[in-house]
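This report refers to the structure that appears directly beneath it.
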Amino acid sequence: MTRLVMISGGARGLGAAITARCLADGHRVSVGLRQPERLAQAFPDADPAQLRGFRFDAHEPATAQAWVDTTVAEMGAPDALINNAGILKMVDFSRGTEPDLDDLWTVNTKAPFLLIRAALPHLKASGQGRVVSIASTDAKRYRDPSASLGYVMTKGALLAMTQAVRFQGWDEGLRGTAICPGAIDTDMIADVPGVTPKDKRLQPADVAEIVAMVLALPNQASLPELVVNTRLETFI
Ligand SMILES: NC(=O)c1ccc[n+]([C@@H]2O[C@H](COP(=O)([O-])OP(=O)(O)OC[C@H]3O[C@@H](n4cnc5c(N)ncnc54)[C@H](OP(=O)(O)O)[C@@H]3O)[C@@H](O)[C@H]2O)c1
Numbered sequence: 104m105t106r107l108v109m110i111s112g113g114a115r116g117l118g119a120a121i122t123a124r125c126l127a128d129g130h131r132v133s134v135g136l137r138q139p140e141r142l143a144q145a146f147p148d149a150d151p152a153q154l155r156g157f158r159f160d161a162h163e164p165a166t167a168q169a170w171v172d173t174t175v176a177e178m179g180a181p182d183a184l185i186n187n188a189g190i191l192k193m194v195d196f197s198r199g200t201e202p203d204l205d206d207l208w209t210v211n212t213k214a215p216f217l218l219i220r221a222a223l224p225h226l227k228a229s230g231q232g233r234v235v236s237i238a239s240t241d242a243k244r245y246r247d248p249s250a251s252l253g254y255v256m257t258k259g260a261l262l263a264m265t266q267a268v269r270f271q272g273w274d275e276g277l278r279g280t281a282i283c284p285g286a287i288d289t290d291m292i293a294d295v296p297g298v299t300p301k302d303k304r305l306q307p308a309d310v311a312e313i314v315a316m317v318l319a320l321p322n323q324a325s326l327p328e329l330v331v332n333t334r335l336e337t338f339i
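Residue numbers for the sequence shown follow my numbering, so the first one is 104 and each next one is one higher.
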């Protein structure tokens, strides 16, 4: 089936690759982003009937409900929500500030929570609703002190929240999937020490391929989580 898919941060990095893949697969896409005018720059040839951008800023909680409501009013009820927008800041017991930690919770965890809550009635009404959250291998384990503990905590919470989605509407066909990729070659990790070397990172299109598969599967093929390794580790 083709869907109306909401994608947060869908004009840049991994989000842009997911948007491109959804368009290629025939889905209609509502992108939530801080500067909606950037969407046309990223997708200058897109058909406005298939792709629209609406304002969504994780630091302005009211924009979560507003993005859902405007999508419904202008494009129809969504069948899928992709929680893609996220940030990485270095926070642990000796690095980073409390405001940095608050930012991580706000963007990586609280915003997806508010979006799921706002979209839930529509996703349940769809009969085949999907929530796909881009978590991280850092949601699965604490690897070593080169990681941001703040990021690890917020992505772990996103994983738990996405698992809980399935209990909100299983009988109505709602399914939730947390995708837990290792390093992806985007701006996010361009200057981060200790990450997987550039030539061994996932490409955004590789992860978009996995999102496409999750969107294509029927209700009886539910994938609670998918871990995508870029390096050999013992427990994931
Ligand atoms: N890169 C990796 O190695 C990696 C690995 C595993 C998981 N992930 C996850 O993949 C997702 C996409 O990351 P990426 O690698 O594509 O990073 P990126 O290139 O830095 O893109 C981050 C995206 O998040 C959006 N965003 C940031 N702050 C926001 C806010 N306050 N409100 C709304 N949107 C906001 C950005 O929108 P603007 O254009 O407005 O800035 C952008 O679209 C994130 O959740 C990230 O944690 C990344």
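All C-beta atoms, glycine included, are put in the ideal place defined by N, C-alpha and C.
Closer than 7 Å to some heavy atom of ligand 1: that describes the Cβ of VAL210. In the DSSP assignment, SER229 falls within the unbroken alpha helix (DSSP H) covering 214 to 229. Scanning its chain for C-beta atoms nearer than 6 Å, with the 5 sequence neighbours on each side dropped, one finds around MET291 the residues LEU191, in chain order.
Each residue's CA atom was taken as its position, placing GLY129 and THR105 some 6 Å apart. For VAL234, the enclosing beta strand (DSSP E) starts and ends at 233 to 237. When DSSP reads this structure, ARG131 sits in a beta bridge with LEU107. Inclusion of SER325 and LEU218 in the CB contact set at 8 Å is not warranted, their separation being larger than that value.
The Cβ atoms of SER236 and THR265 lie closer than 8 Å to each other.
Between SER249 and PRO284 the beta-carbon gap is near 17 Å, outside 8 Å, which marks them as no contact. By the neighbour-count criterion, in which 16 or more other beta carbons inside 10 Å mark a residue as buried, TYR245 falls on the exposed side. Shortest Cα-Cα distance from LEU329 to any of ALA286, ILE282, VAL298 and ALA293 involves ILE282.
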